[in-house]
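Asker: Structure incoming, see below.
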Amino acid sequence: MASGVLKCPIPPALKDPIFSSPSSRNHFTLLDQSNLQFRTHLSVSFQNPSVRQLRIDCQYSQTEQLSESPPATREEAILQAKTSLSGSLSKPLNNPRLAGKLKKVKQPRFRVEIPVVDDSPESLTQLAFDVLTDLPIKRKGSPAAKILILWPNAVLAEQAMKATKSDGLQNSDLSVVLQKEEESATLLSSADVVVFFTPYQSQLQTMRAVANAVYPKPLVVFNPKWSYEEESEFGDQLGTFAGSFDVAYSFMGLEVRGILSRRKGVVLKKGGPESGEGWVVSVEENGELKVITRFKKRPTVGEVENVLYNVMAVNSPVTKSVKFVRDLVSNVTRKK
1 MASGVLKCPI PPALKDPIFS SPSSRNHFTL LDQSNLQFRT HLSVSFQNPS
51 VRQLRIDCQY SQTEQLSESP PATREEAILQ AKTSLSGSLS KPLNNPRLAG
101 KLKKVKQPRF RVEIPVVDDS PESLTQLAFD VLTDLPIKRK GSPAAKILIL
151 WPNAVLAEQA MKATKSDGLQ NSDLSVVLQK EEESATLLSS ADVVVFFTPY
201 QSQLQTMRAV ANAVYPKPLV VFNPKWSYEE ESEFGDQLGT FAGSFDVAYS
251 FMGLEVRGIL SRRKGVVLKK GGPESGEGWV VSVEENGELK VITRFKKRPT
301 VGEVENVLYN VMAVNSPVTK SVKFVRDLVS NVTRKK
């Protein structure tokens with residue numbers, strides 16, 4: 001898979017834009033413009049390399065209207081993700097099904113995409129804790145829901161175990177979580193929500209086994225290492241499983257290049273499936289992001305291309321290229 005690097009398109013008028021890489025703040029960098037594989041990347045810059053807890057309180061209301069504005073700061077992105085995810089999880093956590101009284105119910109599964117500037121253990125664990133610590137969800141009769149984070153390898157799991165300071169979060173290594181039956185049974189049974197954090201495609205079979213073991217508890221996949229477009233190539237079983245996670249929050253950067261001009265934009269999804277919120281496409285105009293269209297379902301690359309080509313055609317008779325970069329967790333270089 002070819003790698004691409006994209007810095008988040010934050011208009012100059014927005015304050016404190018910290019989603020760009022250290023080398024540049026207000027434009028994209030595409031290392032290989034000839035690459036037509038489409039990937040998405042939002043660069044979230046962590047100014048302090050050490051893992052720290054950032055408490056962001058949010059309250060969710062079923063009637064609350066989420067803003068269509070994309071996040072302008074790291075804290076804003078985390079707040080949007082927390083609000084969307086908590087809203088998605090609140091209903092299944094507080095509507096228990098009676099075993100034996102109903103047909104087998106669909107397991108709640110959600111997907112969150114908040115790409116980061118690098119995939120170091122410190123950055124990834126910090127992002128996990130900032131989003132999942134004090135998430136305003138709870139089960140009836142219990143003070144707060146317990147969240148189990150399953151990391152893709154031992155290095156990340158150990159880093160998370162050392163850094164976690166919340167009683168509501170547990171951490172384990174996805175690659176070995178099912179190897180010790182007694183320990184894994186206790187760990188999985190104690191969790192109200194299971195989060196797969198940055199899992200690899202090669203771990204989908206293990207994820208399916210975990211999903212069956214904790215059924216019907218909710219699952220969340222956070223920044224998977226595969227793209228949405230690749231899921232059709234995984235085969236019937238794994239492809240169906242990977243595609244069964246409804247998007248609760250996603251932010252995708254876009255760029256359209258003309259001969260003499262360049263436009264930046266975003267595709268944003270917030271609120272989860274229950275909110276009725278669609279996919280909002282915004283394009284930069286006069287230093288601000290302007291909503292140009294909405295999709296009820298996740299748009300394909302072709303659909304987004306058509307929208308952006310039409311926007312560019314207004315000001316430029318020739319559109320050179322459209323880039324829809326999707327690389328959820330990648331290293332950002334300092335090259336321009």
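Position one of the sequence shown corresponds to residue 1 (UniProt numbering), numbered consecutively onward. Backbone N, C-alpha and C define an ideal beta-carbon position, used for all residues, glycine too.
Consult DSSP for I78 and reduce its assignment to one of helix, strand or coil.
Answerer: Looking at I78 - three-state DSSP - the assignment turns out to be helix.
Asker: Could you check whether V247 and G272 sit closer than 9 Å to each other, using their CB atoms as the reference points?
Answerer: Their beta carbons are under 9 Å apart, which means G272 touches V247 by this criterion.
Asker: When the Cα atoms are used, what is the spatial distance from S184 to E303?
Answerer: About 43 Å.
Asker: Grab me the residues of P108's own chain with a C-beta within less than 6 Å of its C-beta, minus the 5 sequence neighbours each way, in chain order.
Answerer: So the list reads P92 and P218, once near-sequence residues are dropped.
Asker: Kindly indicate which residue of N95, S84 and G87 has the alpha-carbon position closest to the one of P216.
Answerer: Nearest option by C-alpha distance: N95.
Asker: Is R208 helix, strand or coil by DSSP?
Answerer: The answer is helix: DSSP assigns R208 an H, G or I state.
Asker: Confirm the yes/no value for this check: CB of M252, any heavy atom of the ligand HEM, distance under 8 Å.
Answerer: Only the bare structure without any ligand can be found here, which leaves the ligand HEM out of the picture.
Asker: Grouping DSSP H, G and I as helix and E and B as strand, with all else coil, what is F129?
Answerer: Reduced to three states, the DSSP call for F129 is helix.
Asker: By DSSP's criteria, D134 is part of a beta bridge. Which residues make up the other side?
Answerer: Answer is none; D134 lacks a bridge partner.
Asker: Mind listing, in chain order, the continuous beta strand (DSSP E) runs of no fewer than 3 residues lying wholly within the stretch 184-265?
Answerer: DSSP runs (the beta strand (DSSP E)) wholly in the stretch 184-265: 193-197, 219-222 and 246-258.
Asker: Among K269, V221 and K290, which residue has its Cα nearest to the Cα of K296?
Answerer: Comparing Cα-Cα distances from K296 to each of K269, V221 and K290, the minimum goes to K269.
Asker: In or out: N286 buried (at least 16 other Cβ within 10 Å) or exposed?
Answerer: It is exposed - the Cβ of N286 has fewer than 16 other Cβ atoms within 10 Å.
Asker: Along the chain, where does the beta strand (DSSP E) that runs through residue 352 open and close?
Answerer: This structure cannot settle anything about residue 352, because the visible part of the chain is limited to 1 through 336.
Asker: Give a yes or no on contact between the stretch 220-234 and the stretch 173-190, applying the rule of three or more CB pairs nearer than 8 Å.
Answerer: No, the stretch 220-234 does not touch the stretch 173-190.
Asker: Looking at V210 and L174, is the spacing between their C-beta atoms short of 9 Å?
Answerer: In contact: L174 and V210 (Cβ atoms closer than 9 Å).
Asker: Give every residue of the same chain whose Cβ lies closer than 6 Å to the Cβ of Q159, excluding the five residues on either side of it in the sequence, and list them in chain order.
Answerer: Correct list, in chain order: P121 and T125.
Asker: I need the boundaries of the alpha helix (DSSP H) containing E274, first residue and last residue.
Answerer: Note, E274: alpha helix (DSSP H), G272 to S275.
Asker: If contact is defined by three or more beta carbon pairs under 8 Å, each pair taking one atom from either stretch, is the stretch 194-207 in contact with the stretch 151-167?
Answerer: Yes: at least three Cβ pairs fall under 8 Å.
Asker: Excluding the 5 residues preceding and the 5 following A157 in the sequence, name in chain order all residues of the same chain whose CB lies nearer than 7 Å to its CB.
Answerer: Here the set comprises W151, N171, S172 and D173.
Asker: Report the residue from E288, E255, A191 and E75 whose alpha carbon sits nearest the alpha carbon of S142.
Answerer: Nearest option by C-alpha distance: A191.
Asker: May I ask you to report which of helix, strand or coil DSSP gives V177?
Answerer: Three-state DSSP puts V177 in coil, outside helix and strand.
Asker: Does DSSP put K269 in a helix, a strand or coil?
Answerer: Strand, per DSSP.
Asker: Can you tell me whether V281 is helix, strand or coil according to DSSP?
Answerer: Strand.
Asker: Would the beta-carbon of F245 fall within 9 Å of that of V267?
Answerer: Cβ atoms of F245 and V267: not closer than 9 Å.
Asker: What residue range is occupied by the uninterrupted beta strand (DSSP E) comprising V112?
Answerer: Residues R109 to E113.
Asker: Helix, strand or coil for T83, going by three-state DSSP, please let me know.
Answerer: Residue state, collapsed to three classes: helix.
Asker: How many Å lie between P299 and M252 at the Cα?
Answerer: For P299 and M252, the distance between alpha carbons rounds to 11 Å.
Asker: With burial defined as no fewer than 16 other Cβ atoms inside 10 Å of the residue's Cβ, what is the status of Y309: buried or exposed?
Answerer: Exposed.
Asker: With distances taken Cα to Cα, identify the nearest neighbour of L89 among L132, L289 and V116.
Answerer: Considering only alpha carbons, the answer is L132.
Asker: Could you name the residues of the same chain whose beta carbon sits closer than 6 Å to that of S166, not counting the 5 residues immediately before and after it, in chain order?
Answerer: So the qualifying residues of the chain are T133.
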